[in-house]
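Novice: So the sequences go chain by chain: A and B. Its first residue numbered 81, the first sequence is counted upward by one per residue in my numbering. Its first residue numbered 81, the second sequence is counted upward by one per residue in my numbering. What follows is a single structure, and I will ask about it in a moment.
Protein chains: 2
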Amino acid sequence: MSPVTSHLVAKLKLFGPLSEGEVACLTELQSVTIHVARGRELLSQGEKGHVAYILQAGWGCSFKLLEDGGRQIITFPIPGDCVGLRSVLLRTSDHSFTALTDMVVSPVGSSRMLQVFNEFPHLGASILWATSRDEAITVEHLASIGRRTATERTAHFFLELSERLRLVGLANTTEFACPLSQNELADALGLSAIHVNRVLRGLRELQLLTFHEHIVTIHDRAALKALAGYEDIEGGPVLMSNT
Amino acid sequence: MSPVTSHLVAKLKLFGPLSEGEVACLTELQSVTIHVARGRELLSQGEKGHVAYILQAGWGCSFKLLEDGGRQIITFPIPGDCVGLRSVLLRTSDHSFTALTDMVVSPVGSSRMLQVFNEFPHLGASILWATSRDEAITVEHLASIGRRTATERTAHFFLELSERLRLVGLANTTEFACPLSQNELADALGLSAIHVNRVLRGLRELQLLTFHEHIVTIHDRAALKALAGYEDIEGGPVLMSNT
DNA sequence: CGACGCTTTGACACAACTCAACAACCGTGG
DNA sequence: CCACGGTTGTTGAGTTGTGTCAAAGCGTCG
């Protein structure tokens, strides 16, 4: 799947250098891959599943279903992300996870995970760091939905997505592929699909961003950041001073 | 501070039994306490702080500041909760944390934390479990703000708060003390303070819940749960089958 | 005492939702 | 082959939930 280094290895290296043994361990973890068809549900809210996944390729979404039938998408994991760590610890999963496109994932059982943490403590810290970054993204998302207007929120979302994809080499400065439907965007942004459409039109008319045929093009990044109130993610590509 | 067992010990016991050594370790961690005056800021967004805190007594809130001056409160930590674990891992804190009432906290340095994790691996797992629970609460909060109406959201918030407080013995089935202002509620719920006031009036007129003089009284829990679409927190007081 | 913060209420404005209709694009099956 | 239903995107018109502005009552505290 991944040519020389996997997305996960690339990401964890942002936290600090990895030893050969650690890289080998990560490679081994990802040696088993499962192909998942678009639409399949890997984690179901309320289920007692005990497997986490490393996403290798493709797009998915983790979300919560509400009683009234609505849903809130929490995040769109991208290649290199770990999914379901939380459902391993809590006995029943508090959220669902489905494939939005065909996906390739590597399952990691809970016992294997503990074993890795014991054998490579530094790797455990790296993964904990990655988890903290994900959590920070969720928190930012919360702030977005709670306190930003629909347009700001949407702009912010695409800027953040662009950054995340860039870290794993899936976006350049102006463009990236984004297989999401406006419906899915709506469930992520806490809006109606129709309003998402209007917001996208607005951003297009402002010559800031285009979302067309599942390609996102950022025409004026600086202006978009200003509109969204976007601040670069801290603790990201910051290099460790020692080690 | 805490008479026989601390709030933290009580909470972690929900995950699984603790050995005497583990309890002793937790007690020792909380042997140093700092008194914090209402209004003091312990963590500042953007700062490079490397200390986490165990909240012993009092109320605080962790929140994000937005560029336009608005703020979004992420959660109100209550006694027994750990705060700032994430800012220890990411090099700069992505959120702030201030005291809403006078507080008592125990600081835990990052090195001390790692040391504990090494010496008592099971304790590390317990704390990781508690962290996962907190994250699940944040995710639920996200779903609330994104997909529930102001009234549902408010009802849900108080139900959840009531559960959390009950776990550490700070609430009974019908009542609990809650020193939050309507302004703080608004920043947590993603509403304006004025609308919070209207929503509270509505809940009072429906004879479901009263928020008066910083005492929350739940008059009809079942009806309130139905209105909020509240589902009990999974993975909470569930007992481990083994060990 | 006055100043300030918190709560409460009313009138009004506006952002976002709903409903409805249509166009474009599938994959499917007659 | 074309007809067909289903999904996604697009747009308009009208509604509604929530925010904004303004003002007043009430504690508390200096």
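Don't be surprised by glycine CBs; every beta carbon is placed ideally from N, CA and C.
Specify whether the region 245 to 255 of chain B and the region 294 to 301 of chain B touch according to this definition: at least 3 beta carbon pairs, one from each stretch, less than 8 angstroms apart.
Specialist: Short answer: they touch.
Novice: Just how far apart, CA to CA, sit B/L106 and A/C258?
Specialist: Approximately 47 angstroms between the Cα atoms of the pair.
Novice: Return helix, strand or coil for B/A303, following the three-state DSSP convention.
Specialist: In the structure shown, B/A303 sits in a helix (DSSP, three-state: H, G or I).
Novice: Evaluate contact between the region 274 to 287 of chain A and the region 226 to 233 of chain A, counting only Cβ atoms and requiring at least three cross-stretch pairs below 8 angstroms.
Specialist: The answer is yes - the region 226 to 233 of chain A touches the region 274 to 287 of chain A, with three or more Cβ pairs under 8 angstroms.
Novice: Tell me, please, whether the CB atom of B/V219 is closer than 8 angstroms to any CB atom in chain A?
Specialist: With 8 angstroms as the cut-off, B/V219 counts as an interface residue toward chain A.
Novice: Could you pull out every residue in the same chain whose Cβ sits closer than 7 angstroms to the Cβ of B/T172, ignoring the five residues on either side in sequence?
Specialist: Once the five neighbours on either side are set aside, the close Cβ partners of B/T172 are G126, E127, K128.
Novice: Answer yes or no: do B/G164 and B/F177 have a C-beta to C-beta separation smaller than 8 angstroms?
Specialist: In this structure, B/F177 lies closer than 8 angstroms to B/G164 by Cβ.
Novice: Across the region 201 to 211 of chain B and the region 140 to 159 of chain B, are there enough close Cβ pairs to call them in contact, namely three or more that are closer than 8 angstroms?
Specialist: In short, these stretches do not touch, since the Cβ pair count stays below three.
Novice: With distance defined between alpha-carbon atoms, name the residue in B/K144, B/A90, B/V89, B/T297 nearest to B/E121.
Specialist: For B/E121, the nearest C-alpha among the options comes from B/K144.
Novice: How many angstroms separate the CA atom of A/R281 from the CA atom of B/S272?
Specialist: If I take the Cα positions, the gap works out to 28 angstroms.
Novice: Are the Cβ atoms of B/A179 and B/A104 separated by less than 8 angstroms?
Specialist: Contact flag unset, no.
Novice: What residues in its chain sit with their C-beta under 7 angstroms from that of A/L265, if we drop five residues either side in the sequence?
Specialist: Closer than 7 angstroms at the Cβ level, and outside the excluded window around A/L265, lie V276.
Novice: Just to confirm my understanding: we take B/H115, look at its own chain, exclude 5 residues before and 5 after, and list those with CB closer than 8 angstroms. What are they?
Specialist: Cβ neighbours of B/H115 beyond the five flanking positions: D182, M183, V184.
Novice: In angstroms, rounded to a whole number, what distance separates the CA positions of B/G249 and A/W209?
Specialist: Distance between the alpha carbons of B/G249 and A/W209 is about 33 angstroms.
Novice: With 8 angstroms set as the bound, which would you pick, yes or no: does the beta-carbon of B/G270 sit closer than that to a beta-carbon of chain A?
Specialist: For B/G270, the answer is yes, since a Cβ of chain A falls inside 8 angstroms of its Cβ.
Novice: Kindly list the residues whose CB is nearer than 7 angstroms to the CB of B/L239, restricted to its own chain and excluding five residues on each side of it in sequence; keep chain order.
Specialist: Excluding sequence neighbours, B/L239 sits near L304, K305, A308, Y310.
Novice: Listing by chain order, which chain A residues have their CB less than 7 angstroms from the CB of B/A216?
Specialist: Here the neighbours are R166, L170, D174.
Novice: So, for A/V112: in the same chain, excluding its five sequence neighbours on each side, which residues have a beta-carbon less than 8 angstroms away from its beta-carbon?
Specialist: Around A/V112: S186, P187.
Novice: Inspect the beta-carbon positions of A/V89 and A/H130 and report whether they are closer than 8 angstroms.
Specialist: For A/V89 and A/H130, no; Cβs fall outside 8 angstroms.
Novice: Would you please verify whether the beta carbon of B/G150 is less than 8 angstroms from any beta carbon of chain A?
Specialist: By this cut-off, B/G150 is an interface position.
Novice: With distances taken between CB atoms, is the gap from B/A216 to A/L170 smaller than 8 angstroms?
Specialist: Yes, these two residues count as a Cβ contact at 8 angstroms.
Novice: Beta-carbon separation of B/I225 and A/G119 under 8 angstroms?
Specialist: No. Outside cutoff.
Novice: In chain B, what lies closer than 8 angstroms to A/E147 by C-beta?
Specialist: Simply G309, E311.
Novice: Count the other CB atoms within 10 Å of the CB of B/D324; is the residue buried (16 or more) or exposed (fewer)?
Specialist: Given that chain B is displayed from residue 81 to residue 323, the structure contains no residue 324 of chain B and the question cannot be resolved.
Novice: Quick check on DSSP: helix, strand or coil for A/F177?
Specialist: DSSP places A/F177 in strand when its eight states are reduced to three.
Novice: Report the neighbours of A/S212 on chain B: residues whose CB is nearer than 7 angstroms to its CB, in chain order.
Specialist: What A/S212 touches in chain B: R166, L169, L170.
Novice: Compare the C-beta of B/G226 with all C-beta atoms of chain A and state if any pair is closer than 8 angstroms.
Specialist: B/G226 counts as touching chain A.
Novice: Give the straight-line distance between the Cα atoms of B/R213 and A/Q287, rounded to the nearest whole angstrom.
Specialist: Whole-angstrom Cα-Cα distance: 42 angstroms.
Novice: Span of the alpha helix (DSSP H) holding B/K91?
Specialist: It spans 87 to 92 - the alpha helix (DSSP H) in which B/K91 sits, taken as one unbroken run.
Novice: Could you round the C-beta distance between B/A235 and B/L289 to whole angstroms and report it? I think they count as a contact, below 8 angstroms.
Specialist: That belief holds up - the Cβ atoms of B/A235 and B/L289 are roughly 7 angstroms apart, short of 8 angstroms.
Novice: In this structure, does DSSP put A/L212 in helix, strand or coil?
Specialist: Residue identity check: residue 212 of chain A is Ser in the sequence provided, not Leu. Residue state, collapsed to three classes: helix.
Novice: Sort out for me which residues DSSP pairs A/I295 with in a bridge.
Specialist: A/I295 is bridged to A/A257, A/H292.
Novice: At a Cβ threshold of 8 angstroms, is A/I154 touching chain B?
Specialist: It does: the Cβ of A/I154 has a partner Cβ on chain B nearer than 8 angstroms.
Novice: For the beta strand (DSSP E) containing B/R151, name the first residue and the last one.
Specialist: Run containing B/R151: 151 to 155, per the beta strand (DSSP E) assignment.
Novice: For B/I134, write down the residues that DSSP places opposite it in a beta bridge.
Specialist: B/I134 is bridged to B/C162, B/S186.
Novice: Examine chain A for any beta-carbon lying closer than 8 angstroms to the beta-carbon of B/K91, and answer yes or no.
Specialist: False, the Cβ-Cβ gap to chain A never drops below 8 angstroms.
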